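A.B. asks: Before I ask anything, here is the structure I am working with.
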Amino acid sequence: MLRHTRFLRRLILGVALCSCWQVAQAAPTHALTVYGEAPKYPAGFQHFDYVNPNVPKGGSLTRSAEEIGQFNYLNPYVDQGINVVQVDTWVYSPLAYRSLDEPYTVYGLIAEKMEMDPNGLWIRFLLNPKARFEDGKPVTAEDVRYTFELMTTKASFSYRPMFADVKQVTIEGPLQIRFDFKNNLNRMLALDIASLHILPEHWWKTRDFANGGGFEPPHRWATGPTGSPRSMPGAAWSLNGSRTGGARTCQSAVACTTSTRSP
């Protein structure tokens, strides 16, 4: 009888500890990791260790297009033509930014906080109320849902298998959105969603996204460090001072120019 009592006490204690652990794990956090390990950088960190915030400012950077050195499209999300390498990271910011000195860890950028289900069946994003597009409009949960639906219906086919295990997207408030999963077999899914670069619905809903349109002037709805391209062809970007700093710490003034050819 005494042995059974001890067993029950241990069982109850174990269940209680597991419950407390789950509640703690579900709390909003500034970073997500694949296996739930502690991130390298604490909340509120100023820059990654590999970034020099005091780098001399000025100069220029020239990037070619993918493979052949020329481009005929600026839209990097579709299987149309030849686009510019990394243009999406220049123009639009993601929900969370991936660090380059950890296996796979993302830190909130547009998303101020992230909340992961302890069982891996959903993820919630709480957007930063200060996040703005280049035209001053706030980044909302509607923009996040619109971006996800755009990527899984009209973007490159590579996005569809990547997000195939997303069961449902629910807007819980103007700055809060939740993604529910079909299962918890894909540990990368939550981080892949967090890495989505968020597009403004009010601009893209009237553009021919599927056929590579939308980046042509007067595109002025960026959230990234360089802002929108100022011309096409010969697309040129300049550093957007109001978009630098924070987790990305893009401190150097950069004008990115690329070669072009006619479609």
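For the sequence shown, the residue numbers in mature numbering (1 follows the signal peptide of the UniProt record, and there is no 0) are -26 to -1, 1 to 237.
For each residue, glycine too, the CB sits at the ideal point set by N, CA and C.
It should be emphasised that the depicted structure is a prediction, and the values quoted were computed from it without experimental measurement.
Using the rule of at least 16 other Cβ atoms within 10 Å of the residue's Cβ for burial, across every protein chain shown, is Pro68 buried or exposed?
C.D. replies: It is buried - the Cβ of Pro68 has at least 16 other Cβ atoms within 10 Å.
A.B. asks: Just mark Val52 as buried or exposed, buried being the case when its beta carbon has 16 or more other beta carbons within 10 Å.
C.D. replies: Counting Cβ neighbours within 10 Å, Val52 comes out buried, since at least 16 surround it.
A.B. asks: Just the C-alpha distance for Arg161 and Met90, rounded to the nearest angstrom, thanks.
C.D. replies: Each residue's Cα considered, the two are about 11 angstroms apart.
A.B. asks: Report the partner residues of residue 248 according to the DSSP bridge assignment.
C.D. replies: Because the chain in this structure spans residues -26 to 237, residue 248 falls outside the shown range and cannot be described.
A.B. asks: Between Lys128 and Ala168, how many whole angstroms is the CB-CB distance? I'm expecting something under 8 angstroms.
C.D. replies: About 21 angstroms; that fails the 8 angstroms criterion.
A.B. asks: To the nearest angstrom, how far is the alpha carbon of Phe99 from that of Gly147?
C.D. replies: So the two alpha carbons sit approximately 11 angstroms from each other.
A.B. asks: When DSSP builds the beta bridges, which residues end up paired with Phe155?
C.D. replies: According to DSSP, which records beta bridges pairwise, Phe155 is partnered with Val140.
A.B. asks: If we ignore side chains and look at the alpha-carbon of each, how far apart do Gly32 and Tyr66 end up?
C.D. replies: If you take the alpha carbons of Gly32 and Tyr66, they lie about 22 angstroms apart.
A.B. asks: So for Ala168, helix, strand or coil by DSSP?
C.D. replies: It is helical.
A.B. asks: Note the first and the last residue of the continuous alpha helix (DSSP H) segment covering Thr114.
C.D. replies: Note, Thr114: premise wrong, no alpha helix (DSSP H); not H, not E.
A.B. asks: Under three-state DSSP, which class holds Ala105?
C.D. replies: Correct three-state label for Ala105: coil.
A.B. asks: In this structure, how does DSSP classify Thr79 when only helix, strand and coil are distinguished?
C.D. replies: Looking at Thr79 - three-state DSSP - the assignment turns out to be strand.
A.B. asks: His176 lies in the alpha helix (DSSP H); which residues open and close that run?
C.D. replies: Run containing His176: 175 to 178, per the alpha helix (DSSP H) assignment.
A.B. asks: When burial is assigned at 16 or more other CB atoms within 10 Å of the CB, is Tyr81 buried or exposed?
C.D. replies: Burial call: buried.
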